[in-house]
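Novice: When we follow this note's numbering, the leftmost residue of the first sequence carries the number 1062, and every step to the right adds one.
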Amino acid sequence: MVDLRQIEKDFESVSASLKRRGVDEKSLERLKVLFEEKKGVQKRLEAAQAEQNRMSRLFGQYKREGRDLSQLQREVAENKERIAALNEELRLLEERLLELASAIPNIPDPDVPDGESEEENLELERILEPREFPFTPKEHWELAEINGWIDFERGVKIAKSRFSALRYEGARIERALINYMLDFNRSRGFEEVCVPFMANSESLFGTGQLPKFADDLFKIEGEDLYMIPTAEVPLTNLFRDEILKAEDLPIRLTSYTPCFRKEAGSAGRDTRGMIRQHQFDKVELVSITTGAQSDEIFEEMVSCASDLLTSLGLPHRKMLLCAGDMGFSAAKTVDLEVWLPGQGKYREISSISNTRDFQARRAKIRYKEEKRNRLANTLNGSSLAVGRTLIAIMENYQQEDGSILIPEALRDYL
RNA sequence: CGGGGGAUGGCUGAGUGGUCGAAAGCGGCGGUCUUGAAAACCGUUGAGGGUAACACCUCCCAGGGUUCGAAUCCCUGUCCCCCGGCCA
């Protein structure tokens, strides 16, 4: 959530920054006005409450002294009505304020390039040369068919379209990759955590999926529970409503979870193959840091994911996302795109974001710094989408006959 | 899912209508003492809002209600514990 006080104090610069993400200045203006209105009502309410407290104390005293109460009683009753009216007014204002504020995306960092779509993302670096193929490389679904690794039809039968089952080496490599990634992350100082695969609405509000993106989530009927769209949700919410000790930061976590997404807005995109599924495995990195630590930790997380790809021999590039292409909660995002020779394209395999204090404000994740509570910074990043890594291995390690070599790094895990 | 009992500050735990944001103990922090440490003693120690700083407001699981006044009484929900059922 944006900081309303920042909007109040620093309207021009906040508005200019958010314009880069297509946020209308008028909605910010409305927010600012509402916020000021709310503060005024709150002040009047508190004054009335103070009065009520004072009179109530008098009431007890008068009674003990046996004095006449009728005058006081009348005043107290009148004031009570005023409090009720102000309370209602405040409640309505707060409701509207929250509704508006929770729909505003994060403010982009100054070093995030302008731009509206992925076309304008900035390529930072390419790592590893794509291999030259003496034959025409196949796409992963062809390879999946030849090797029997991915069963698309039966996945659909069990659930629906965009579900699949992994079989034979495919299933084993998936599991090997998860183990390999977790070990790799652990060696980089991330604590392995095992978390619930469902989360309640408060958690999803905390990380920014709710209320705006409810359509992308699978909800459990009759329960305040959703299937998690990413481990970022449970990992970050581990510390929701907590005040951490500064010396415990940074907290760096890694976790494997399946992720569940409706992919509501992507009808017709990547319908073939395993690029875009309703359920996919991911190993995630999450860090909780102080404001001062977060830039350094961000770089560490990007390196961690990039080095992991390198260790698997997968060519990839680092993309700095432009303002218009970033996710709702992010102040800055670097995507890693892996080379898929079958498609002849770089495709997203990891996305690392610094949300600064945007999620922390929603989720009330704070730390104590010399007596003062400060909002933490939260960062998240895929240390690779596992299914897409499997695909990348298939396409990059394919042989002319359609068989697939196992990357050196994974051999001990199979 | 059925029956019973609970939910209070970092923790344990008292408080059943007024001066209670809350006793006491533990823990934490600061100090006295000590070469140093321990012990002992003294002080301090919840969160959010608000203020230049005070004042002031809110919070004793959450939401509603009764009352001039609620941690305390009533209703609903959530969670936890015990017993039974089911079950990896």
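Note that the Cβ used here is the ideal one computed from N, Cα and C, for glycine as well.
Could you tell me whether the Cβ atoms of D1377 and L1346 are closer together than 8 Å?
Specialist: Along the first sequence, one-based indexing puts residue 1377 at 316. Along the first sequence, one-based indexing puts residue 1346 at 285. Checking the displayed sequence, the identity of residue 1377 turns out to be His instead of Asp. Contact flag unset, no.
Novice: Considering only the alpha carbon of each residue, which of I1413, R1105 and S1163 lies closest to L1151?
Specialist: Position 90 of the first sequence, counted from the first residue, corresponds to residue 1151. That would be R1105, whose Cα lies nearest to the Cα of L1151.
Novice: With distances taken between CB atoms, is the gap from Q1459 to L1204 smaller than 8 Å?
Specialist: Taking the first sequence and counting its residues from 1, one reaches residue 1459 at position 398. Taking the first sequence and counting its residues from 1, one reaches residue 1204 at position 143. For Q1459 and L1204, yes; Cβs fall inside 8 Å.
Novice: If I measure Cβ to Cβ from M1062 and keep anything under 7 Å in the same chain, skipping five residues before and after, which residues do I get?
Specialist: Sequence index remark: in the first sequence, residue 1062 carries index 1 (1-based). Same-chain partners within the cutoff: A1162, S1163, F1419, R1422 and R1423.
Novice: Can you confirm whether the segment 1433 to 1448 touches the segment 1395 to 1411 when touching is taken to mean that 3 or more C-beta pairs between the two stretches lie within less than 8 Å?
Specialist: Result yes; three or more Cβ-Cβ pairs closer than 8 Å.
Novice: Quick check on the burial criterion: 16 or more other C-beta atoms within 10 angstroms. Buried or exposed for N1434?
Specialist: As a first step, residue 1434 is located in the first sequence; it is residue number 373 there, counting from the start. Under this definition N1434 is an exposed residue.
Novice: Just to confirm, is the Cβ distance from V1173 to A1384 under 8 Å?
Specialist: As a working mapping, residue 1173 is identified with position 112 in the first sequence. As a working mapping, residue 1384 is identified with position 323 in the first sequence. Yes, they are a contact pair.
Novice: Residues in the same chain with beta-carbon distance under 6 Å from L1065, minus the five sequence neighbours each way, listed in chain order, please.
Specialist: Taking the first sequence and counting its residues from 1, the one referred to as residue 1065 is at position 4. Here the set comprises F1096.
Novice: By how many angstroms is the C-alpha of K1099 removed from the C-alpha of R1157?
Specialist: One-based indexing of the first sequence puts residue 1157 at position 96. One-based indexing of the first sequence puts residue 1099 at position 38. Their backbone Cα atoms lie some 10 Å apart in a straight line.
Novice: Mind checking which residues open and close the alpha helix (DSSP H) that includes W1202?
Specialist: Numbered from its first residue, the first sequence carries residue 1202 at position 141. H1201 to N1208 is the extent of the alpha helix (DSSP H) around W1202.
Novice: I'd like the list of long-range same chain contacts for R1427, defined as Cβ closer than 8 Å, with 5 residues on each side in sequence excluded.
Specialist: By one-based count along the first sequence, residue 1427 stands at place 366. E1303, I1304, L1305, A1421, N1434, R1435, L1436 and A1437.
Novice: List the DSSP bridge partners of S1316.
Specialist: Position 255 of the first sequence, counted from the start, is the residue given in the question as residue 1316. Paired residue(s): E1345.
Novice: Can the beta-carbon of L1440 be found closer than 8 Å to that of I1336?
Specialist: Reading the first sequence from its first residue, position 379 is the one you call residue 1440. Reading the first sequence from its first residue, position 275 is the one you call residue 1336. No, these two residues do not count as a Cβ contact at 8 Å.
Novice: Can you give the Cα-Cα distance for A1111 and R1135, rounded to whole angstroms?
Specialist: What you label residue 1111 is simply residue 50 of the first sequence in a count that begins at 1. What you label residue 1135 is simply residue 74 of the first sequence in a count that begins at 1. The straight-line gap from Cα to Cα measures roughly 17 Å.
Novice: What is the DSSP secondary structure of F1321, reduced to helix, strand or coil?
Specialist: Stepping through the first sequence from its first residue, residue 1321 is reached at position 260. F1321 falls in the strand class under three-state DSSP.
Novice: For the segment 1205 to 1221 against the segment 1230 to 1250, do three or more pairs of beta-carbon atoms, one drawn from each stretch, fall closer than 8 Å, so that the two count as touching?
Specialist: Yes, the segment 1205 to 1221 is in contact with the segment 1230 to 1250.
Novice: Just to confirm, are K1323 and D1285 a CB contact at a threshold of 8 Å?
Specialist: Along the first sequence, read from residue 1 onward, the residue named residue 1323 stands at position 262. Along the first sequence, read from residue 1 onward, the residue named residue 1285 stands at position 224. The answer is no: Cβ separation not under 8 Å.
Novice: Return the first residue and the last residue of the alpha helix (DSSP H) that E1150 is part of.
Specialist: For the purposes of this step, residue 1150 is taken as residue 89 along the first sequence, with counting starting at 1. S1131 to A1162 is the extent of the alpha helix (DSSP H) around E1150.
Novice: Which residues does DSSP pair with Y1407 in a beta bridge?
Specialist: Residue mapping note: residue 1407 aligns to position 346 of the first sequence, counting from 1. Partner(s): W1400.
Novice: For the beta strand (DSSP E) containing E1303, list its first residue and its last residue.
Specialist: Within the first sequence, the letter at position 242 stands for residue 1303. First-last of the beta strand (DSSP E) with E1303: E1303 to K1306.
Novice: Would you grab the beta carbon distance between R1301 and S1264 for me? Rounded to a whole angstrom, and I think it's under 8 Å.
Specialist: Here residue 1301 refers to the residue found at position 240 when the first sequence is read from its first residue. Here residue 1264 refers to the residue found at position 203 when the first sequence is read from its first residue. Indeed, because the Cβ distance is near 7 Å, the residues count as touching under 8 Å.
Novice: Verify whether the separation of the beta carbon atoms of L1238 and L1471 is less than 8 Å.
Specialist: Here residue 1238 refers to the residue found at position 177 of the first sequence. Here residue 1471 refers to the residue found at position 410 of the first sequence. Yes. Within cutoff.
Novice: Does DSSP put S1088 in a helix, a strand or coil?
Specialist: Your numbering for residue 1088 matches position 27 in the first sequence. In this structure, S1088 counts as helix in the three-state DSSP scheme.
Novice: Since L1375 and N1457 should fall inside the 8 Å C-beta cutoff, what is the C-beta to C-beta distance between them, to a whole number of angstroms?
Specialist: Within the first sequence, residue 1375 is the residue found at index 314, counting from 1. Within the first sequence, residue 1457 is the residue found at index 396, counting from 1. Confirmed, about 6 Å.
Novice: On a Cα-Cα basis, can you pick out the residue from I1281, E1253 and V1294 that is closest to G1269?
Specialist: Along the first sequence, read from residue 1 onward, the residue named residue 1269 stands at position 208. The shortest Cα separation from G1269 among I1281, E1253 and V1294 belongs to V1294.
Novice: For the putative contact between E1253 and R1313, defined by C-beta atoms under 8 Å, what is the C-beta separation to the nearest angstrom?
Specialist: Here residue 1253 corresponds to residue number 192 of the first sequence, with the count starting at 1. Here residue 1313 corresponds to residue number 252 of the first sequence, with the count starting at 1. Not really, about 11 Å apart at Cβ, beyond 8 Å.
Novice: Which residue marks the beginning of the beta strand (DSSP E) containing A1237, and which one marks its end?
Specialist: Here residue 1237 is taken as the residue at index 176 of the first sequence, counted from 1. Element bounds for A1237: not the beta strand (DSSP E) but the alpha helix (DSSP H), E1230 to S1248.
Novice: Relative to the alpha-carbon of F1258, which residue among D1175, D1309 and I1281 has its alpha-carbon at the smallest distance?
Specialist: Locating residue 1258 in the first sequence gives position 197, counting from the first residue. The option with the nearest alpha carbon to F1258 is I1281.
Novice: Which term fits A1325, buried or exposed, when burial requires 16 or more other beta carbons within 10 angstroms of its beta carbon?
Specialist: Your numbering for residue 1325 matches position 264 in the first sequence. With fewer than 16 Cβ atoms within 10 Å of its Cβ, A1325 is classed as exposed.
Novice: What number of angstroms, rounded off, separates the C-alpha of R1187 from the C-alpha of R1081?
Specialist: Numbered from its first residue, the first sequence carries residue 1187 at position 126. Numbered from its first residue, the first sequence carries residue 1081 at position 20. In a straight line, the C-alpha of R1187 is about 27 Å away from that of R1081.
Novice: Identify the continuous alpha helix (DSSP H) that holds F1467 and give its terminal residues.
Specialist: In the first sequence, the residue the question calls residue 1467 occupies position 406. Phe is not the amino acid found at residue 1467; the sequence shown has Ile there. Run containing I1467: none; DSSP gives neither H nor E here.
Novice: In the DSSP assignment, find the unbroken beta strand (DSSP E) run with N1434 in it and report its ends.
Specialist: Taking the first sequence and counting its residues from 1, the one referred to as residue 1434 is at position 373. Per DSSP, N1434 belongs to the beta strand (DSSP E) from R1433 to L1436.
Novice: So, helix, strand or coil for N1261, using DSSP?
Specialist: Your numbering for residue 1261 matches position 200 in the first sequence. Looking at N1261 - three-state DSSP - the assignment turns out to be coil, as it is neither helix nor strand.
Novice: Taking its Cβ as the centre, do 16 or more other Cβ atoms sit within 10 Å of V1363, making it buried, or is it exposed?
Specialist: If you number the first sequence from 1, residue 1363 lands on position 302. Classification for V1363: buried.
Novice: Within this structure, are the beta carbons of F1274 and M1288 separated by less than 8 Å?
Specialist: Residue numbering aside, residue 1274 sits at position 213 when the first sequence is read from its first letter. Residue numbering aside, residue 1288 sits at position 227 when the first sequence is read from its first letter. No. Outside cutoff.
Novice: Candidates V1102, S1178, Q1113 and R1118: which alpha carbon is nearest E1155's?
Specialist: Walking along the first sequence from the start, residue 1155 turns up at place 94. Considering only alpha carbons, the answer is V1102.
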